Structures are given as C-alpha cells and as structure tokens.
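The structure appears below as structure tokens.
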Amino acid sequence: MHKGLFMSFPLILAATAGFAQEGGQDADLAEAMALTERFATTLQKELKAAMTEGGPQNAVKVCRERAPAIAAEISEESGWAVGRTSLKLRNAELNAPDDWERAVLVRFDERQVAGEDVATMTVAEVVESDDGSRFRFMKAIPTVQLCLSCHGKIVNASVGTALAEAYPEDQARGYQVGDVRGAFTLSKPR
Ligand code: HEC
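According to mature numbering (1 follows the signal peptide of the UniProt record, and there is no 0), the stretch in the sequence shown is residues -20 to -1, 1 to 170, in order.
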C-alpha cells in the first residue's frame, strides 16, 4: 500500500505552514485538517475491509453508500460542509465542483505535472461569496494502486457492470498511480 495517500498530520501542517496566521484561521485550518483525516481514514478502512471481503465489485457499494454517508455524518457533527470532488466525476450529482473548487483542482493538476507530491497538496482560503464569508479548505487525493480496480484504465467485467449500472455517465476512469484523483473539500461560515 502506497504510504502517501492518507498522510500523517505533521506533514499536512508543514505543507500549509505558510498560510496566513490571522486570528481564528489557524484554528479553522487545524479543524479542517483533523476532519479531513477522519473522513479519509474512516473511508479507507471501510473500503479495504470491503475489498478483502468481497473484491472490488462488492466494494462499489461501500463507495456508493458509505462515502456520502460518512461525509454527511461528519458534516452534521462538526457544522462544516464536508465532501469530495473531482474534475472527472463518477457521481456528478453529488460531487460536482463549484467554480472555486474547479480552479483549485486545475491548480492541483498543474502542481502534480510540475513534480509536486500529490499527497501533501492543500489549499486554504477565506472566500467571499453571495452567502457570506467562508473558510474553505481542499486537500488533494492521490491515486494509489488500490484505486485502480475502480478508477484505472482497465476494470474487470463485474466491476464494469456494477459501475455502469450505478453511474451510466461515469467519467472517473483512466487514472494512473500518482494522478490527482480528486480532493477532499471542506468549508464553514466565517
Ligand atoms: C470498489 C470500487 C472503488 C474503489 C476501489 C475506489 N473507488 Fe473511488 N469511487 C467509487 C464509487 C462507486 C464512487 C462514487 C461515490 C459516490 O456516489 O459518491 C467513487 C467516487 C470517488 C470520488 C468522488 C468524486 C467522484 O468521482 O464522484 C473520489 C475522490 C474517489 N472515488 C477517490 C478514490 C480513491 C483515491 C481511491 C483509492 C484509494 C478510490 N476512489 C477507490 C468506487 C471506487
């Protein structure tokens, strides 16, 4: 298993140490990172367990049901909006990026092409919009080996069938290890 995916906390802190130190933003950033870590580890654990138990065709259901459920649970508990997004979507209904998220995702791809480690890419910013000021945070999600059975260039027939049934418009294929698969995205009013 690739070590980069669910990186340890001090690394994220180091990656974002240059972030503005104004009052309250440090606390927001720390909270966003902690929630991201929790989302990532919970999902990873359930995905791995499902893959071991019944292979990727069984795990499709976990990604489909548990990923949104875990995000909703953490959102409700924390008061943050927590989710995942990508430029090439599997679930466009739920995970489509807004303009700010799309720009960050494009930038993450550029940073990856420039040679930066995807596992440590984050962005944090206070963003003004029609519904007021929000603290926003995104953390890139690297593609690792485990992802390829459902997001790679070739998926086996039963996975293909399961995906085609649930996501007829699926765009989230053709990834290679090291690509930016998408990002965790968190925000809250400020
Ligand atoms: C067993 C199949 C499977 C595996 C393995 C898998 N995924 Fe997914 N992935 C899915 C499904 C199904 C969805 C759609 C979830 C939904 O409906 O919200 C999805 C959605 C996503 C999304 C949300 C954006 C989108 O396209 O809608 C991201 C990000 C993502 N996966 C990343 C990963 C990463 C990173 C890995 C490897 C650690 C991985 N996935 C492994 C099946 C899988």
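Ideal Cβ positions, reconstructed from N, Cα and C, are used throughout, including at glycine. Note that the structure is predicted; figures quoted are calculated from it, not measured.
Item	Value
Buried or exposed, going by whether 16 or more other CB atoms sit within 10 Å of the CB of residue 81?	buried
Contact check, residue 160 vs residue 92 under 8 Å by CB: the rounded distance?	5 Å
Please tell me whether residue 10 and residue 117 are closer than 8 Å, where the distance is taken between their beta carbons.	no
Is it buried or exposed for residue 164, if we count other Cβ within 10 angstroms and need 16 for buried?	buried
Ends of the alpha helix (DSSP H) at residue 36?	5 to 58
Between residue 115 and residue 167, how many whole angstroms is the CB-CB distance? I'm expecting something under 8 Å.	6 Å
Excluding sequence positions up to five away, which residues of its chain have a Cβ less than 8 Å from the Cβ of residue 78?	none
Quick one: does the C-beta of residue 44 sit closer than 7 Å to a heavy atom of the ligand HEC?	yes
Is the segment 37 to 52 touching the segment 14 to 29 in the sense that three or more CB pairs, one from each, lie closer than 8 Å?	yes
How far does the alpha helix (DSSP H) with residue 90 in it reach, from first residue to last?	79 to 93
Just checking residue 75 against the ligand HEC - is the residue's beta carbon closer than 7 Å to any of the ligand's heavy atoms?	yes
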